[in-house]
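Asks: Each residue of the sequence shown is one higher than the last, beginning at 219 in my numbering. Have a look at this one before I ask anything.
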Amino acid sequence: MAKNDNMKILEINKFYNSRRGADKHFLDVIALLMANGNQVAEFSMLQADNENSDWKKYFLSTVGYTSNFSTWQKIKGMARAFYSFEAKRKINAILDEFKPDLVHIHNIYHQMSPCILFEIKKRGIPVVMTVHDFKLINPNHSLRLNGKPYRRCAEGKFYQCFLDKCVKNSYAKSFLASLEMYWHAWLGTYEKNIDLYVAPSEFVKKTLTAWGMDGDKIIVLPHFTPKENVEISRKYAFSVAQKFAIYPGKISKEKGVDTLIKIFKNIKGMKLFLAGEVEDGYKIENNPNIVHLGFLPKDELREYVRNSTVVVSGSKLPETFGLIALEALENGKPFVGFDSGAFGEIIENGVSGFIVSTEKEFQRVIEGIAGKSIAFDESKIIENSKKYNAQAYWENLNAIFSKLISH
Numbered sequence: 219m220a221k222n223d224n225m226k227i228l229e230i231n232k233f234y235n236s237r238r239g240a241d242k243h244f245l246d247v248i249a250l251l252m253a254n255g256n257q258v259a260e261f262s263m264l265q266a267d268n269e270n271s272d273w274k275k276y277f278l279s280t281v282g283y284t285s286n287f288s289t290w291q292k293i294k295g296m297a298r299a300f301y302s303f304e305a306k307r308k309i310n311a312i313l314d315e316f317k318p319d320l321v322h323i324h325n326i327y328h329q330m331s332p333c334i335l336f337e338i339k340k341r342g343i344p345v346v347m348t349v350h351d352f353k354l355i356n357p358n359h360s361l362r363l364n365g366k367p368y369r370r371c372a373e374g375k376f377y378q379c380f381l382d383k384c385v386k387n388s389y390a391k392s393f394l395a396s397l398e399m400y401w402h403a404w405l406g407t408y409e410k411n412i413d414l415y416v417a418p419s420e421f422v423k424k425t426l427t428a429w430g431m432d433g434d435k436i437i438v439l440p441h442f443t444p445k446e447n448v449e450i451s452r453k454y455a456f457s458v459a460q461k462f463a464i465y466p467g468k469i470s471k472e473k474g475v476d477t478l479i480k481i482f483k484n485i486k487g488m489k490l491f492l493a494g495e496v497e498d499g500y501k502i503e504n505n506p507n508i509v510h511l512g513f514l515p516k517d518e519l520r521e522y523v524r525n526s527t528v529v530v531s532g533s534k535l536p537e538t539f540g541l542i543a544l545e546a547l548e549n550g551k552p553f554v555g556f557d558s559g560a561f562g563e564i565i566e567n568g569v570s571g572f573i574v575s576t577e578k579e580f581q582r583v584i585e586g587i588a589g590k591s592i593a594f595d596e597s598k599i600i601e602n603s604k605k606y607n608a609q610a611y612w613e614n615l616n617a618i619f620s621k622l623i624s625h
């Protein structure tokens, strides 16, 4: 197939909504592919808050692991992490009908079942995987435990996860996660069936290769900002007079919300707005400087970001890319976060924000922004974001897909 010919791409991800960064990117890629004349089908899991899809008849039944799921849904979810006859049947059905040239997967572990990869490769269809976390190399996909880097599972020593309770501080969950890793390593689920991995940052590629993955099968392609996000919208009336910082993301201890609250409850002249769903039973401290907005529709969230003074993250996780930082830049807002993962590849200190090493340094920067001793040029921030434009991403992705299809 010649480059730029119309392609038929099957996009796969376990969630079909925009509540998390990986899922938002998945939807953005679908829109980008379609905007450039390609045919796209989606394969995901049924949920009440899904986006509309013409292919939902093939979506897998709902499973989950938290208290709001039934016992049967939890049992099915645990089994699906290893194998699923439903997933096998439905992936074959959508492959029969759509007949894709290439399959592009995102997050498929647990809720989707990686067993679908064998069914795809039986047909000789090339498979590309965009890496959104480190589940490929560690049962603890964040690579951190108790606030510190976690490497004891390296070199296939997944049993350490069970011994250390590396998943949700639970022996049971850690045992299942360790067993799942051994199972898919033994089958070669990913190694045998993935033709190419797309890493969103140099940090991700470096980490994956350091843990033993083949660097020749990993290509770096940073995420992008959808074109429509740059357009100014005033659908939502805005009336917040006081300066505020905003954190748009999952509200949990894992994501460093504790740290943000600790810093902002003592900041004068600037509130902290938390825009996202509470997860893992997290309790937000009652403080006049802290405002929980809940989960916001993307247009409304964009208005909050555009009217904020700064976008922040308290995460010390090894972030694979940092869409939160890129979305700040595209709206002309500086970003402040910790030196963890790929943030440093996006942010230029003093120009588009600050990447800091300690909580004290974080607080000094925020105090400076609140007190106007630290200022930023919005036009320079927006200029920094332009290298992550949709057209450049599409040209690179098209080249990757076309090369694999032609082979």
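From the three backbone atoms N, C-alpha and C, an ideal C-beta is built for every residue, glycine too. Note that the structure is a prediction, hence the values are computed from the model and not measured.
If you reduce the DSSP assignment to three classes, tell me which class residue 441 lands in.
Replies: Here residue 441 sits in coil by DSSP.
Asks: Along the chain, which unbroken stretches of the beta strand (DSSP E) at least 3 residues long are found entirely within the segment 302–330?
Replies: Counting only runs of 3 or more, we get 320–323.
Asks: Go to residue 257, then tell me how far its beta strand (DSSP E) extends in each direction, as first and last residue.
Replies: Its beta strand (DSSP E) spans residues 257–261.
Asks: Start and end of the beta strand (DSSP E) containing residue 510?
Replies: First-last of the beta strand (DSSP E) with residue 510: 508–510.
Asks: Relative to the C-alpha of residue 230, which residue among 383, 254, 259 is closest?
Replies: With distances taken between Cα atoms, residue 230 lies closest to 259.
Asks: Hey, how far is the Cα of residue 439 from the Cα of residue 507?
Replies: When rounded, the distance between both Cα atoms is 38 angstroms.
Asks: Nearest by alpha-carbon distance to residue 548: which of 443, 573, 370 is it?
Replies: Closest option to residue 548, Cα to Cα, is 443.
Asks: Helix, strand or coil for residue 479, going by three-state DSSP, please let me know.
Replies: Note: residue 479 maps to helix in three-state DSSP.
Asks: Kindly indicate the opening and closing residues of the alpha helix (DSSP H) around residue 465.
Replies: Careful: residue 465 lies outside any alpha helix (DSSP H), inside the beta strand (DSSP E) at 462–466.
Asks: Output the distance between the C-alpha atoms of residue 373 and residue 426, rounded to the nearest integer angstrom.
Replies: One C-alpha to the other measures close to 12 angstroms.
Asks: Mapping the DSSP letters down to three states, classify residue 436 as helix, strand or coil.
Replies: Correct three-state label for residue 436: strand.
Asks: Taking the Cβ atom as the reference point for each residue, do residue 309 and residue 337 lie within a distance shorter than 9 angstroms?
Replies: A contact, by the Cβ cut-off of 9 angstroms.
Asks: Could you tell me the distance, in whole angstroms, from the CA atom of residue 286 to the CA atom of residue 617?
Replies: Looking at the two C-alpha atoms, the distance is approximately 43 angstroms.
Asks: Below 8 angstroms, how does it come out for the segment 473–490 and the segment 582–589: are there three or more Cβ pairs, yes or no?
Replies: Judged by Cβ distances under 8 angstroms, the segment 473–490 makes contact with the segment 582–589, as three or more pairs qualify.
Asks: Closest to residue 412 by C-alpha separation, out of 394, 567, 434, would be which residue?
Replies: It is 434.
Asks: Who are residue 493's beta bridge partners in DSSP?
Replies: Answer is 466.
Asks: Name the one or two DSSP bridge partners that residue 362 has.
Replies: According to DSSP, residue 362 bridges with 367.
Asks: Rounded to whole angstroms, how far is the Cβ of residue 300 from the Cβ of residue 398, which I believe are closer than 8 angstroms?
Replies: Contact flag correct, Cβ pair sits at about 6 angstroms.
Asks: Can you tell me which of 357, 576, 264, 280 puts its alpha carbon nearest to the alpha carbon of residue 396?
Replies: That would be 357, whose Cα lies nearest to the Cα of residue 396.
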